[in-house]
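2 protein chains.
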Amino acid sequence: MVNQVQRGDGSLRSCKSDSSGLSNSGGESSKESSRCSTPVLEADRSDRLRDKMRRRTESGDRWFSLEFFPPRTASGAVNLISRFDRMSAGGPLFIDITWHPAGDPGSDKETSSMMIASTAINYCGLESILHLTCCNQTKEKITGYLAKAKHLGLKNIMALRGDPVGADWEEEEEGFNYATDLVKHIRSEFEDYFDICVAGYPTGHPEAESYEEDLRHLKEKVDAGADFIITQLFFRADTFLKFLDDCRAIGITCPILPGIFPIQGYQSLRQLVKLSKLEIPEEITRVIEPIKDNDAAIRNYGVQQAVEMCRVLLDSGKVPGLHFYTLNREVAIMEVLRQLGLWIEDPRRSLPWAVSAHPKRKVEDVRPIFWASRPKSYIYRTQDWDEFPNGRWGNSSSPAFGELNDYYLFYLKSKSTKDALLQMWGAELMNEESVYEVFTCYITAQPNRNGHKVMCLPWNDEPLAPETNLLKDELEKVNKRGVLTINSQPNINGKPSADPIAGWGPAGGYVFQKAYLEFFTSSENVTALLEVLKKYEPRVNYHIVNVHGRNLTNAPDMQPNAVTWGIFPGREIVQPTVVDPDSFMYWKDEAFALWIEQWAKLYEDESPSRMIIKYIHDNYFLVNLVDNDFPLESCLWQVIDDMFKMLDAPPGFETQSPF
Amino acid sequence: MVNQVQRGDGSLRSCKSDSSGLSNSGGESSKESSRCSTPVLEADRSDRLRDKMRRRTESGDRWFSLEFFPPRTASGAVNLISRFDRMSAGGPLFIDITWHPAGDPGSDKETSSMMIASTAINYCGLESILHLTCCNQTKEKITGYLAKAKHLGLKNIMALRGDPVGADWEEEEEGFNYATDLVKHIRSEFEDYFDICVAGYPTGHPEAESYEEDLRHLKEKVDAGADFIITQLFFRADTFLKFLDDCRAIGITCPILPGIFPIQGYQSLRQLVKLSKLEIPEEITRVIEPIKDNDAAIRNYGVQQAVEMCRVLLDSGKVPGLHFYTLNREVAIMEVLRQLGLWIEDPRRSLPWAVSAHPKRKVEDVRPIFWASRPKSYIYRTQDWDEFPNGRWGNSSSPAFGELNDYYLFYLKSKSTKDALLQMWGAELMNEESVYEVFTCYITAQPNRNGHKVMCLPWNDEPLAPETNLLKDELEKVNKRGVLTINSQPNINGKPSADPIAGWGPAGGYVFQKAYLEFFTSSENVTALLEVLKKYEPRVNYHIVNVHGRNLTNAPDMQPNAVTWGIFPGREIVQPTVVDPDSFMYWKDEAFALWIEQWAKLYEDESPSRMIIKYIHDNYFLVNLVDNDFPLESCLWQVIDDMFKMLDAPPGFETQSPF
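These protein sequence lines are chains A and B, in that order.
For the first sequence, the UniProt record's numbering gives the first residue as 1, with consecutive numbering after it.
For the second sequence, the UniProt record's numbering gives the first residue as 1, with consecutive numbering after it.
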């Protein structure tokens with residue numbers, strides 16, 4: 001009789017250390033990488049990029065990919081991450097991040113290529129390729145970078161020589177001379193762990209002796225272990241198609257992806273040509289010279305030219321995917337993709353929350369509801385976990401969430417400037433009611449008393465989600481009276497999983513939710529609330545906590561409570577969201593801290609405005625309520641209403657504070 | 001930062017070997033115990049019997065317990081297990097099994113005390129105490145028995161001296177002289193693993209020098225480490241109450257449970273008195289002497305006398321529970337319990353299937369639907385698993401189910417005699433339709449053509465469950481035509497969990513089901529069925545298999561499909577039943593084998609009847625169907641109907657067999 005083999009739900013596999021001899025190579029850089037540093041499980045390299053490409057190619061399902069360069073400034077980094085979120089909506093197969101030695105690309109700076117690529121994978125859920133140049137680098141240093149990349153969850157490398165320091169270069173004894181050397185090194189040190197991409201030049205590399213020589217060199221790179229090729233840009237479809245045929249003719253069989261650069265401006269085109277040593281075809285020059293001062297016209301033309309060229313490429317039947325050089329801009333690329341029909345916004349989410357692409361989070365499918373508006377924070381605070389809940393949240397032991405620190409706060413700070421925030425949240429607060437007004441304006445999307453729309457709150461960087469918008473009227477009522485809501489969901493009793501607002505998961509299923517409400521409110525309100533809640537036991541579960549850690553809950557045995565679930569054909573139940581009493585205690589630290597970090601600090605020390613926010617932080621409670629009776633209309637609004645009635649009752653009405 | 005600790009869902013803990021130095025003691029008996037032999041996890045001794053007693057005592061919630069003796073014959077064993085099932089319906093806190101050295105009580109025979117107690121725990125879900133006598137035993141032998149008991153999942157021991165061989169006995173050097181020695185030995189070898197119970201004698205042990213001496217002896221036993229006391233029987237409430245006060249007076253503080261013996265017959269009473277050396281009070285003799293030839297009258301009196309005495313005991317406020325000597329009979333005890341209001345048939349099930357009481361199965365809460373009518377078989381075939389699915393079934397690897405063998409078939413054989421089965425299933429079968437008739441009569445509960453009701457089938461040892469009875473008409477229709485159903489459930493769309501027929505789990509929740517149908521049918525039918533099923537994709541999932549292992553399924557990626565689930569206040573989703581393609585392949589071996597083992601073998605070798613059953617076994621397919629669209633009325637009957645329509649269509653209608 002064979003013993004039961006470990007099941008997939010919550011299986012514990014020991015965390016292996018990296019096998020690349022990390023202690024000898026780049027030790028310093030690996031120690032620095034504490035942020036997403038849990039070693040990736042060796043075995044978990046299913047669903048590789050090259051396999052995805054193969055499947056898409058076989059099914060005739062074209063794709064697109066996007067190339068970005070690392071930002072120069074911290075705010076540039078924040079903007080770029082937002083851009084990833086927006087551009088990932090169209091379904092790119094992968095993105096890649098370029099590597100420039102002068103920019104400290106392997107460091108832990110928020111602007112480094114390494115960190116940007118890691119963020120794309122871990123926080124934005126994007127398959128990502130990290131470029132890596134090898135000239136002027138020792139083998140040790142390169143190995144260190146690769147090990148660090150692996151630690152961070154990166155699985156794909158574009159192996160490049162790079163531009164040597166100085167006009168000419170000499171062959172290094174201990175280093176790399178050609179990209180081929182780098183490819184060989186990666187395969188030798190990491191075997192088949194990484195998918196490797198190399199560069200191809202449709203008209204030959206500028207430094208190559210001849211076009212044919214460069215083709216042979218390309219074949220060498222591929223034979224050394226590359227999985228696919230991305231080409232330099234070109235201006236004519238047949239330039240690429242000829243190159244493709246020539247590659248096949250000399251026996252290169254891997255995928256070859258054309259690099260597309262839509263012309264975005266006159267100067268940028270001239271600059272590009274200088275760097276790449278390419279010639280602009282006469283038919284293009286003829287068009288853009290006359291309009292060289294009209295950037296808008298050039299951009300329009302650039303889009304057209306790219307669309308036409310791409311159509312020819314796709315129609316050839318030999319081009320499974322298109323690779324775009326974005327120069328970190330989105331508008332033109334998205335327009336090209338839309339015209340080509342490649343921008344596929346699949347509104348269907350597989351889960352109600354955005355899935356991370358880190359290999360170790362592959363089976364994660366249940367999270368506490370508290371971080372619904374702050375998924376990046378959740379990923380950050382759980383990055384040291386060895387495994388992630390699958391199926392059930394479970395209750396065998398308290399999870400430990402990572403601390404909040406400056407780095408975390410950086411990546412998660414508001415997209416808005418300080419001035420914009422003051423305009424939205426009030427340059428000067430008079431009293432607590434001023435704060436209530438801000439919340440109310442956020443909910444209603446009406447301008448505040450200074451004529452500004454409140455587009456975000458410290459806990460919600462985006463306006464109300466469509467689902468929450470359904471509850472707008474009730475939310476407005478309660479926020480006006482100091483029930484400051486930061487998270488909520490309506491009850492749902494078996495809507496089809498394809499429902500445009502509430503649906504998620506595979507088609508043909510049904511989704512369910514328990515009504516949920518989470519808000520800050522004063523201790524006077526809480527006293528009345530607790531009295532009211534007695535009448536609603538056991539239908540309503542509550543958890544009430546303040547910044548000092550006092551907490552009250554009626555969660556049975558402190559167990560997690562399912563609040564979102566779905567039933568699908570041929571599958572087990574999916575239960576992606578829970579209200580977990582233990583996690584709530586970690587969440588509350590973050591929720592309370594945001595009053596100070598994002599709001600109070602907008603004001604001068606000791607100013608009345610700051611004092612008001614601080615007062616709220618110190619004295620208000622954070623409350624979460626769940627209505628367990630999901631087939632019935634939510635009773636939570638009635639609970640709040642009863643609370644207000646009790647507060648409005650004539651004096652002499654006794655309520656006993658539990659505190 | 002603390003790493004995530006292993007979660008409760010599917011956590012893998014290594015299987016520890018027993019710490020009692022097993023290799024030195026009773027090695028032979030421990031090797032034999034292969035049936036439920038996976039060592040019990042040391043840590044999992046939460047919810048002990050003594051804790052349950054304490055909680056019930058504190059809350060004033062009285063209980064009852066039942067004592068049985070091991071059977072002498074194999075069929076006696078089968079009957080006793082059935083009695084456990086029936087008597088457990090009233091909610092006993094525990095049962096106990098007596099130990100008699102002459103009956104090979106520690107062996108693997110089906111009639112041994114050890115095996116009976118183990119079956120009670122593992123298969124009947126009853127908290128069980130195994131008696132153990134120590135005189136004339138070496139310490140090694142005793143340790144061996146205890147280790148084996150632990151391996152089998154037994155957690156409670158009643159430590160007794162026993163009756164020494166020969167009229168007098170001599171103190172053994174290497175052995176045990178008193179029950180106290182046994183108690184000390186258990187604590188010394190197994191520390192706190194077992195709950196230990198000892199015997200008390202309300203009028204003093206017959207061999208004691210005095211009542212007071214015996215009380216001191218009892219205190220010694222308790223001080224040596226016993227957790228509670230069960231007393232010898234007595235005839236007057238005040239006999240026990242005085243004894244109780246005397247125990248408390250000398251400092252015995254543990255629970256003391258009165259042993260109740262309802263008088264069941266004149267001879268049995270005389271026999272009992274002879275063995276126990278008790279005196280029958282005059283008020284009892286006065287009543288029973290005149291009616292000593294009237295067993296019915298004596299039984300009635302016995303029930304009355306027991307009820308009155310127990311009422312006095314319970315009203316004293318000092319008696320938290322009553323212990324009944326059943327002599328393996330049920331009627332009188334159940335009557336007494338009902339009159340006392342202690343027989344609490346809680347129709348509410350915590351899960352739709354009966355939970356096992358083995359400690360290692362504590363977190364098990366999901367099973368494949370296939371064994372719904374054969375839970376003991378499921379427990380048997382999974383007894384070697386180290387851990388059991390919790391939350392989700394999961395799909396990381398095929399589970400391995402144990403083989404079918406003779407032992408298994410013994411315990412799971414029909415309660416009916418061969419003759420009764422032949423009467424129900426046909427002394428002589430004419431053709432396949434004879435078999436269809438048997439199924440149909442089972443479904444309708446109408447007598448067969450020979451006037452006998454078909455009370456069971458090889459796959460179902462009981463008549464139709466109430467829930468299945470709802471589908472009776474549809475089931476009758478299809479069985480008549482050779483769709484031989486052995487398992488089914490209706491769809492349910494959110495019935496309250498307290499629903500008397502379909503409900504389970506905590507109150508205040510909602511239960512759901514997908515419609516399910518499982519049946520044997522001919523290959524001609526299957527050909528048509530597969531054609532029909534194309535129209536029902538993806539709403540209907542199917543799996544079709546024959547005894548030779550050919551199988552077809554449209555289960556996406558062979559994943560398990562949830563077919564029963566429930567939502568409860570303050571809890572995560574419970575999903576207790578799945579249709580799992582991998583498990584179905586193991587189940588089918590059992591399902592097909594039952595044709596032969598339980599039906600074909602009733603007939604002579606080579607007889608026509610046997611050939612018919614064998615033909616069905618060799619040629620029919622086992623089919624399971626799931627209708628994923630649970631909010632809608634089940635389409636499965638329509639599927640079967642369409643199949644018949646296709647079969648009834650005029651000739652020339654082509655259907656293509658996939659085989």
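Glycine included, each C-beta is placed from N, C-alpha and C at the ideal position.
What you are looking at is a predicted structure, and each value in this text was computed from that prediction instead of being measured.
Compare the beta carbon distance of residue 229/A and residue 322/A with 7 Å and say whether it is the shorter of the two. no
For residue 559/A, which residues in chain B fall below 9 Å Cβ to Cβ? 570, 571 and 572
Take residue 48/A as the anchor and find which of 78/A, 63/A and 93/A has the nearest alpha-carbon. 93/A
What residues of chain A sit near residue 525/B, judged by a beta carbon separation below 9 Å? Here the premise fails: no neighbours, minimum Cβ distance about 23 Å.
Nearest residue (CA-CA) to residue 506/B, options 566/B, 417/B and 384/B: 566/B
Against chain A, with Cβ distances strictly below 7 Å, would residue 565/B count as a contact? yes
Taking Cβ-Cβ distances below 9 Å as the criterion, which residues of the region 615 to 628 of chain A are in contact with chain B? 626 and 628
Taking all protein chains shown into account, decide if residue 548/A is buried (16 or more other Cβ within 10 angstroms of its Cβ) or exposed. exposed
What are the start and end residues of each continuous beta strand (DSSP E) run of 3 or more residues lying completely inside the region 472 to 501 of chain A, in chain order? 484 to 489 and 492 to 496
Put residue 40/A into one of helix, strand or coil per three-state DSSP. With a pLDDT of only 39 at residue 40/A, under 50, the local geometry of the prediction cannot be trusted, and the value read off the model is given with reservation. Here residue 40/A sits in coil by DSSP.
Just reading off the beta strand (DSSP E) that residue 197/B is part of, what are its end residues? 195 to 200
Sequence-distant residues of the same chain with beta carbon closer than 7 Å to residue 52/A, five excluded per side: 93
The region 130 to 140 of chain B in contact with the region 174 to 190 of chain B per 3-pair CB rule at 8 Å: yes
When the distance is taken between beta carbons, is residue 121/A closer than 7 Å to residue 357/A? yes
Rounded to whole angstroms, what is the Cα-Cα separation between residue 11/B and residue 332/A? Residue placement at residue 11/B is flagged as unreliable, the pLDDT there being 32, under the threshold of 50; the coordinate-derived value follows with that caveat. When rounded, the distance between both Cα atoms is 50 Å.
Using the Cβ count rule (16 or more neighbours within 10 Å means buried), how would you classify residue 450/A? exposed
Would you please verify whether the beta carbon of residue 513/A is less than 7 Å from any beta carbon of chain B? no
Which residues DSSP lists as bridging residue 131/A, in chain order: 158/A
Ends of the alpha helix (DSSP H) at residue 88/B? 74 to 88
How do the region 466 to 477 of chain B and the region 600 to 618 of chain B stand: do at least 3 beta-carbon pairs fall below 8 Å, yes or no? no
Expressed to the nearest angstrom, what Euclidean distance is found between the alpha-carbon atoms of residue 277/B and residue 209/B? 15 Å
Count the other CB atoms within 10 Å of the CB of residue 648/A; is the residue buried (16 or more) or exposed (fewer)? exposed
If we call anything under 7 Å between Cβ atoms a contact, is residue 515/B one with residue 491/B? yes
Establish whether the CB of residue 551/B and some CB of chain A are separated by less than 7 Å. no
So that I know if they touch, is there some Cβ in chain B lying closer than 7 Å to that of residue 391/A? yes
Which residue wins for smallest C-alpha separation from residue 220/B, given the options 199/B, 203/B, 476/B and 239/B? 199/B
Counting only Cβ pairs nearer than 9 Å, list the residues of chain B close to residue 541/A. 569 and 570
What span of residues does the beta strand (DSSP E) with residue 626/A cover, start to end? 621 to 627
In this structure, how does DSSP classify residue 552/A when only helix, strand and coil are distinguished? strand
Chain-ordered neighbours of residue 578/B on chain A, where CB pairs are closer than 7 Å: 572
What in chain B is Cβ-close to residue 631/A, meaning under 8 Å? 494 and 510
Please tell me whether residue 600/B has its Cβ less than 7 Å away from any Cβ of chain A. no
Only counting runs of 4 or more residues, tell me where the alpha helix (DSSP H) segments fall wholly within the region 283 to 359 of chain B, in order along the chain. 295 to 315 and 331 to 340
Does the beta carbon of residue 375/B sit closer than 7 Å to a beta carbon anywhere in chain A? no
With DSSP as the reference, please indicate the residues paired to residue 675/A in a beta bridge. Any question about residue 675/A goes unanswered here, given that chain A covers just 1 to 659.
Is residue 575/A close to chain B? Criterion is C-beta to C-beta, closer than 7 Å. yes
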